[in-house]
Amino acid sequence: NSSKQVMFLNELEEILELVPPAVLETVASKLFPCLARCICSDHFQVCERTLFLWNNEHIVNLFALEKAENFMRHNFRNIYTSLIKNVDASDPHWNPA
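In terms of the working numbering, the sequence shown opens at residue 989 and continues consecutively.
So this is what it looks like as structure tokens:
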């Protein structure tokens, strides 16, 4: 249900604003694949809300504070792959424009 996903993302943003970086490391293996799935959602509001997380300076800084290169490489690969999938001209996503 897309409205529940958007609500989840709203709550997730509020939680991420409160957690220390050490907590992110413990949940990242579950969080980043979930964000990647949301980016690939068929519903535009879910995609938009997920991408809007990157407008939150605190969250971006939280992700940037994670110093472990393997952590970043592994977890951002999920996000990057989803973004690339959305712009693949041979298999267009929900918005062909």
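Even for Gly, the Cβ is constructed at its ideal location relative to N, Cα and C.
Non-local beta-carbon contacts of Ser-1070 in its own chain, meaning distances under 6 Å to residues more than five positions away in sequence, involve Ala-1024, Ile-1027, Cys-1028 in chain order. Fully enclosed beta strand (DSSP E) runs of no fewer than 3 residues are not present anywhere in the region 992-1079. Taking the CA atoms as reference points, Ile-1047 sits about 7 Å from Leu-1041. Per the C-alpha coordinates, the member of Met-995, Glu-1001, Phe-996 positioned closest to Asn-1043 is Glu-1001.
Between Val-1075 and Arg-1037, the CB-CB gap reaches or exceeds 8 Å. In this structure, Leu-1050 sits near Leu-1012, with a CB-CB distance shorter than 8 Å.
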